[in-house]
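Step one of this worksheet: look at the structure below.
Numbering (our numbering), first residue to last: 3 to 593.
Set out below in structure tokens:
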């Protein structure tokens with residue numbers, strides 16, 4: 003685990019967190035500290051950012067200033083809409099990417115309302131629907147509109163637009179009474195979570211926000227079958243309830259696993275059916291259509307399939323994060339086989355299903371294999387157990403990186419921005435490198451590590467660099483991955499330790515210099531966004547080019563955590579017998 007801070011200003015990440023993995027690795031803390039100390043330039047940057055973090059507010063003249071609008075009323079939402087041409091393109095991109103994963107709308111209903119948004123003859127569109135559209139735009143703001151672009155910097159400034167949309171929609175929905183709930187309200191709340199996740203916005207609040215939304219939805223019975231409702235409810239509304247519940251349950255599982263905090267224990271209270279694998283056009287208000295076979299793709303396929311492993315994944319992350327929890331090696335192998343079988347048995351055809359849908363389903367289970375064998379590697383009782391975990395980690399990390407690489411090569415960054423399992427892979431590879439360095443000199447496993455790990459780490463650095471330049475943030479993650487790459491090299495050649503430390507420092511300082519240049523370029527645009535008026539609609543986002551050049555200001559705050567200086571990484575969690583509850587039933591398969 004990781005436990006840092008003091009008094010009531012603390013931060014915690016449990017054992018299943020990828021950050022907890024790297025905190026356990028050898029003398030990585032000393033390596034980071036040495037890298038920071040050897041660079042006066044990085045020390046100055048760190049002090050500057052620490053001082054900036056203590057400021058009460060960032061002035062408008064500062065490069066880090068991000069504009070917000072003065073109000074969040076209905077008129078302000080409409081003012082945020084870009085031109086119809088830009089909105090059409092972004093909404094289509096959303097439905098072609100994240101809309102195929104978290105499909106929480108009824109397409110005929112959505113397109114009817116969307117057409118009315120631009121029609122002069124139609125009744126005024128509800129503000130809630132406009133907010134839904136804005137959040138779709140925010141979700142894909144940092145993706146290429148044509149899906150084939152390669153310029154890392156050309157789209158990153160779009161996150162400035164996304165952050166303003168997210169903030170405005172969030173303030174608008176917070177001002178609405180809960181009793182006025184409608185489908186658009188909950189679609190908006192679900193999309194808020196998704197947009198923040200993809201844009202790396204308010205990441206430290208993510209676990210509490212998604213958990214809070216899940217509890218709100220449970221208080222309204224989303225976790226129960228809509229068939230229990232006595233008042234007449236259309237089949238469309240029933241299906242939308244199932245879809246939105248599945249989306250939030252899935253995101254809550256993911257967030258809790260990444261943070262290492264046990265999620266809301268809803269499974270024992272739930273009897274809601276999985277979303278059906280159906281095409282929206284087939285849903286009638288008063289008649290439920292027959293579901294398509296699991297092998298047939300529809301926009302609901304992901305939600306229909308992902309529920310199959312809810313029970314397994316929930317049990318695993320509870321076990322992984324139980325204080326004193328420990329898996330017997332036999333359990334690790336049984337779970338590995340089960341997770342591997344799930345990821346390999348996805349019934350969707352490669353020829354018909356979007357590549358990102360299959361990738362999201364596969365990666366969801368591979369990350370658990372990494373976590374299991376990372377824990378097993380720390381507690382291995384024999385060389386056989388250790389060697390098995392090493393090879394499993396190498397195979398799994400290779401598969402994870404290859405999936406992301408294939409998507410990126412195809413111009414699809416949707417999963418790269420949605421997930422961070424490739425960062426976990428880099429941290430676990432450092433653990434493997436240290437283990438083989440100390441225990442398996444000149445062995446076949448050492449050779450395998452030497453042959454595979456350097457190439458994988460370079461690809462992980464490239465993936466994360468692409469993400470950082472696209473979003474204009476996540477700098478700390480990149481620093482840790484760069485330092486991890488350098489640390490792995492030093493495990494093999496300790497005489498060049500300082501050289502490798504300097505490589506990591508030079509890389510992050512170069513990034514900082516580029517960000518400062520970009521801030522000056524973007525600051526003029528930011529000022530024009532914020533300073534025009536104080537009316538209800540102080541500025542219209544559509545008046546600003548939707549794909550303006552430059553990169554969003556990099557945020558180099560919180561550098562106090564760049565060396566694990568006050569991070570508690572206590573391996574005792576992995577050295578005591580398990581007191582975890584029984585694991586329960588097994589995954590039942592996709593068909």
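Where a beta carbon is used, it is the ideal one built from N, C-alpha and C, also for glycine. Model, not experiment: these values are computed from the prediction.
Q | Which of helix, strand or coil DSSP assigns to residue 14 | A | Taking the chain shown and counting its residues from 1, the one referred to as residue 14 is at position 12. Here residue 14 sits in strand by DSSP.
Q: Let me know if residue 262 comes out buried or exposed under the rule of 16 or more other beta-carbons within 10 Å of its beta-carbon.
A: Taking the first residue of the chain shown as 1, we reach residue 262 at position 260. Buried, because 16 or more other Cβ atoms sit within 10 Å of the Cβ of residue 262.
Q: Give me the Cα-Cα distance between residue 83 and residue 475, rounded to the nearest whole angstrom.
A: For this step, residue 83 is matched to residue 81 along the chain shown. For this step, residue 475 is matched to residue 473 along the chain shown. Rounded to the nearest whole angstrom, the CA to CA distance from residue 83 to residue 475 is 25 Å.
Q: Report, in whole angstroms, the separation of the C-beta atoms of residue 594 and residue 225, which I expect to be a contact under 8 Å.
A: Nothing can be reported for residue 594, as the shown portion of the chain is limited to 3 through 593.
Q. What residues in its chain sit with their C-beta under 6 Å from that of residue 74, if we drop five residues either side in the sequence?
A. Here the question's residue 74 lines up with position 72 in the chain shown. Answer for residue 74: 170, 173 and 174, listed in chain order.
Q) In or out: residue 219 buried (at least 16 other Cβ within 10 Å) or exposed? A) Translated into the one-based positions of the chain shown, residue 219 becomes position 217. When all chains shown are included, residue 219 counts as buried.
Q.
Nearest by alpha-carbon distance to residue 299: which of 4, 356 and 457 is it?
A. The residue given as residue 299 occupies position 297 in the chain shown. Measuring from the Cα of residue 299, the nearest candidate turns out to be 356.
Q) Nearest to residue 223 by CA position, among 254, 268 and 186, is which residue? A) The sequence position of residue 223 within the chain shown is 221, counting from 1. Of the listed residues, the one whose Cα sits closest to residue 223 is 268.
Q.
In the DSSP assignment, the beta strand (DSSP E) including residue 5 goes from what residue to what residue?
A. Position 3 of the chain shown, counted from the first residue, corresponds to residue 5. From DSSP, the beta strand (DSSP E) with residue 5 extends over 4–8.
Q: Using alpha carbons as the reference points, say which of 359, 380, 312 and 310 lies closest to residue 334.
A: Residue numbering aside, residue 334 sits at position 332 when the chain shown is read from its first letter. For the residues 359, 380, 312 and 310, the minimum Cα distance to residue 334 belongs to 380.
Q) Quick one: Cα of residue 374 to Cα of residue 346, how far? A) Locating residue 374 in the chain shown gives position 372, where the first residue counts as 1. Locating residue 346 in the chain shown gives position 344, where the first residue counts as 1. Straight-line spacing of the CA atoms in residue 374 and residue 346 works out to 18 Å.
Q) How would you label residue 411, buried or exposed, when you count the other beta carbons within 10 angstroms and need 16 or more for buried? A) Along the chain shown, read from residue 1 onward, the residue named residue 411 stands at position 409. Label assigned to residue 411: exposed.
**Q.** Three-way DSSP call (helix, strand, coil) for residue 21 in this model
**A.** Stepping through the chain shown from its first residue, residue 21 is reached at position 19. Looking at residue 21 - three-state DSSP - the assignment turns out to be helix.
Q | Assigned exposure category for residue 252 - 16 Cβ within 10 Å defines buried | A | One-based indexing of the chain shown puts residue 252 at position 250. Burial of residue 252 is indicated by the presence of at least 16 other C-beta atoms within 10 angstroms of its C-beta.
Q | Assumed close pair residue 4, residue 15 - CB separation to whole angstroms, cut-off 8 Å | A | By one-based count along the chain shown, residue 4 stands at place 2. By one-based count along the chain shown, residue 15 stands at place 13. Confirmed, Cβ separation roughly 4 Å.
**Q.** First through last residue of the alpha helix (DSSP H) which encompasses residue 402
**A.** Locating residue 402 in the chain shown gives position 400, counting from the first residue. Segment 385–411, the alpha helix (DSSP H) holding residue 402.
Q | Best match in 492, 176 and 197 for proximity to residue 168 [C-alpha to C-alpha] | A | The residue given as residue 168 occupies position 166 in the chain shown. Across the set 492, 176 and 197, the C-alpha of 197 shows the shortest separation from the C-alpha of residue 168.
Q) Any chance the segment 385–398 sits against the segment 450–458, with 3 or more Cβ pairs inside 8 Å? A) Yes, the segment 385–398 is in contact with the segment 450–458.
(Q) Distance check for residue 480 and residue 291, CA to CA, integer angstroms please. (A) Along the chain shown, one-based indexing puts residue 291 at 289. Along the chain shown, one-based indexing puts residue 480 at 478. Between residue 291 and residue 480, the C-alpha separation is close to 47 Å.
**Q.** Same chain only: Cβ atoms within 6 Å of residue 415, ignoring 5 sequence neighbours per side
**A.** Taking the first residue of the chain shown as position 1, residue 415 is located at position 413. Result list for residue 415: 145, in chain order.
Q. Does the Cβ of residue 8 have 16 or more other Cβ atoms within 10 Å, making it buried, or fewer, making it exposed?
A. Here residue 8 corresponds to residue number 6 of the chain shown, with the count starting at 1. Residue 8 comes out exposed.
Q: Spatial neighbours of residue 147 within its chain, please: CB distance less than 8 Å, with the 5 preceding and 5 following residues excluded, ordered by chain position.
A: Locating residue 147 in the chain shown gives position 145, counting from the first residue. Since pLDDT at residue 147 reaches only 38, below the 50 mark, its modelled position is unreliable, and the value read off the structure follows with that caveat. Cβ within range, chain order: 91, 92, 95 and 549.
Q) DSSP on residue 289, reduced to helix/strand/coil? A) The residue given as residue 289 occupies position 287 in the chain shown. The answer is strand: DSSP assigns residue 289 an E or B state.
Q) Rounded to whole angstroms, how far is the Cβ of residue 115 from the Cβ of residue 190, which I believe are closer than 8 Å? A) In the chain shown, counting from the first residue as 1, residue 115 sits at position 113. In the chain shown, counting from the first residue as 1, residue 190 sits at position 188. Not really, about 13 Å apart at Cβ, beyond 8 Å.
Q: Return helix, strand or coil for residue 367, following the three-state DSSP convention.
A: On the chain shown, residue 367 is found 365 positions in, with the first residue counted as 1. It is helical.
Q: Between the Cα of residue 358 and those of 320, 376, 385 and 406, spot the shortest distance and give me the residue it belongs to.
A: As a first step, residue 358 must be located in the chain shown, where it is residue number 356. For residue 358, the nearest C-alpha among the options comes from 406.
Q | Span of the alpha helix (DSSP H) around residue 36 | A | Here the question's residue 36 lines up with position 34 in the chain shown. Where residue 36 is concerned, the enclosing alpha helix (DSSP H) stretches over 30–39.
Q. Thinking C-alpha only, which one of 368, 342, 437 and 248 is nearest residue 1?
A. Nothing about residue 1 can be reported from this structure: the residues present for the chain run from 3 to 593 only.
(Q) Mapping the DSSP letters down to three states, classify residue 277 as helix, strand or coil. (A) If you number the chain shown from 1, residue 277 lands on position 275. The answer is coil: DSSP assigns residue 277 none of H, G, I, E or B.
Q) How big is the Cα-Cα spacing for residue 11 and residue 258? A) Position 9 of the chain shown holds residue 11. Position 256 of the chain shown holds residue 258. Rounded to whole angstroms, residue 11 to residue 258 spans 20 Å at the Cα level.
(Q) Whole angstroms are fine: how far does the CA of residue 254 sit from the CA of residue 483? (A) Walking along the chain shown from the start, residue 483 turns up at place 481. Walking along the chain shown from the start, residue 254 turns up at place 252. In a straight line, the C-alpha of residue 483 is about 25 Å away from that of residue 254.
**Q.** In chain order, each alpha helix (DSSP H) run of at least 4 residues that lies wholly inside the segment 79–130
**A.** Runs of the alpha helix (DSSP H) lying entirely within the segment 79–130, each at least 4 residues long, are 86–98 and 109–120 in chain order.
Q) Taking contact to mean at least 3 C-beta pairs separated by less than 8 Å, is the segment 241–252 in contact with the segment 306–322? A) Taking a cut-off of 8 Å on C-beta distances, the segment 241–252 touches the segment 306–322, as three or more cross pairs fall below it.
Q. So, is residue 327 buried or exposed, given that buried needs 16 or more other C-beta atoms within 10 angstroms?
A. If you number the chain shown from 1, residue 327 lands on position 325. Buried.
(Q) Within a Cβ cutoff of 6 Å, which residues of the same chain sit near residue 505, ignoring the five residues on either side of it in sequence? (A) Here residue 505 refers to the residue found at position 503 of the chain shown. Excluding sequence neighbours, residue 505 sits near 488.
Q. Any idea if residue 382 is buried or exposed, counting beta-carbon neighbours within 10 angstroms, 16 or more meaning buried?
A. Here residue 382 refers to the residue found at position 380 of the chain shown. Answer is buried; the Cβ neighbour count reaches 16.
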